[in-house]
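Enquirer: Encoded as structure tokens, here's the structure I'll be asking about.
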Amino acid sequence: VQLQASGGGVVQAGGSLRLSCAVSVSIFKITSMGWYRQAPAKQRELVAWITSGGSTNYADSVKGRFTISRDNARNSVYLQMNSLKPEDTGVYYCNVILPIDWRASWGQGTQVTVSS
740 VQLQASGGGV
750 VQAGGSLRLS
760 CAVSVSIFKI
770 TSMGWYRQAP
780 AKQRELVAWI
790 TSGGSTNYAD
800 SVKGRFTISR
810 DNARNSVYLQ
820 MNSLKPEDTG
830 VYYCNVILPI
840 DWRASWGQGT
850 QVTVSS
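Here's what the structure looks like:
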């Protein structure tokens with residue numbers, strides 16, 4: 740599986756961004772996918788995930804502000820980020836959660852910078 744995250748940028752606090760993840764295989768076959776982020780000097784964390792059935796879950800830090808979605812026809816997963824905060828700054832990655840052996844290398848991700 741190959742993944743390409745895009746859509747990052749620089750935005751002021753309170754602004755919005757929409758990240759996209761293009762997947763090289765039919766995401767209909769993927770049980771769950773997630774968006775992760777890695778802030779400077781911090782470990783990578785899972786911030787949102789979505790199942791093949793469309794169920795979604797979020798880290799407490801982004802709940803109510805971020806929305807994950809998937810488009811099976813486009814083999815893509817999205818992360819709509821609203822009311823952005825400076826602490827949302829980091830490199831954002833998408834990856835397969837399940838099945839485990841479909842997980843891809845992390846790649847470069849997409850940089851999100853939120854200025855105060």
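Take the sequence shown: its letters are residues 740 to 855, numbered as in this note's numbering.
Cβ atoms here follow ideal geometry from the backbone N, Cα and C, with glycine treated the same way.
This one's a predicted model, so the numbers in the text were calculated from it and none came from an experiment.
For Val749, which residues in the same chain have their Cβ closer than 6 Å to its Cβ, ignoring the five residues on either side in sequence?
Expert: The sequence position of residue 749 within the sequence shown is 10, counting from 1. Excluding residues up to 5 positions away in sequence, Thr852 lie with their Cβ nearer than 6 Å to the Cβ of Val749 in the same chain.
Enquirer: Would you mind stating whether Leu818 and Ala778 have Cβ atoms separated by less than 8 Å?
Expert: The count along the sequence shown starts at 1 and reaches residue 818 at position 79. The count along the sequence shown starts at 1 and reaches residue 778 at position 39. No, the pair does not count as a contact, with Cβ atoms beyond the cut-off.
Enquirer: Among all the DSSP beta bridges, which residues are the ones paired with Gly773?
Expert: The count along the sequence shown starts at 1 and reaches residue 773 at position 34. Partner(s): Trp788, Asn834.
Enquirer: What does Ser745 pair with, by DSSP beta-bridge criteria?
Expert: For this step, residue 745 is matched to residue 6 along the sequence shown. Ser745 is bridged to Ser759.
Enquirer: Quick one: give me the first and last residue of the beta strand (DSSP E) that Ser844 is part of.
Expert: For the purposes of this step, residue 844 is taken as residue 105 along the sequence shown, with counting starting at 1. Here Ser844 belongs to no beta strand (DSSP E), and DSSP marks it neither H nor E.
Enquirer: Of all the options Val816, Ser854, Asp840, Trp774, which has the alpha carbon lying nearest to the alpha carbon of Ala798?
Expert: Here residue 798 corresponds to residue number 59 of the sequence shown, with the count starting at 1. The option with the nearest alpha carbon to Ala798 is Trp774.
Enquirer: Measuring from the CB of Val835, is there a heavy atom of the ligand PLP at a distance below 7 Å?
Expert: Absence of the ligand PLP is noted for the structure shown, with no ligands found whatsoever.
Enquirer: For Ile789, is the classification buried or exposed, using 16 other Cβ atoms within 10 angstroms of its Cβ as the cut-off for buried?
Expert: Here residue 789 is taken as the residue at index 50 of the sequence shown, counted from 1. Around the beta carbon of Ile789, a 10 Å sphere encloses 16 or more other beta carbons of the protein chains shown; the residue is thus reported as buried.
Enquirer: Just to confirm, are Val762 and Asn814 a CB contact at a threshold of 8 Å?
Expert: Start at 1 with the first residue of the sequence shown, and residue 762 comes out as number 23. Start at 1 with the first residue of the sequence shown, and residue 814 comes out as number 75. Yes, they are a contact pair.
Enquirer: In whole angstroms, give me the CA-to-CA distance for Gln751 and Glu826.
Expert: Taking the first residue of the sequence shown as 1, we reach residue 751 at position 12. Taking the first residue of the sequence shown as 1, we reach residue 826 at position 87. Gln751 and Glu826: Cα-Cα distance of roughly 12 Å.
Enquirer: Tell me which residues share the same chain as Arg809 and place their Cβ nearer than 8 Å to its Cβ, disregarding the 5 neighbours each side in the sequence.
Expert: The residue labelled residue 809 in the question sits at position 70 within the sequence shown. Answer for Arg809: Ile766, Met772, Ile789, Gly793, Ser815, Val816, Tyr817, listed in chain order.
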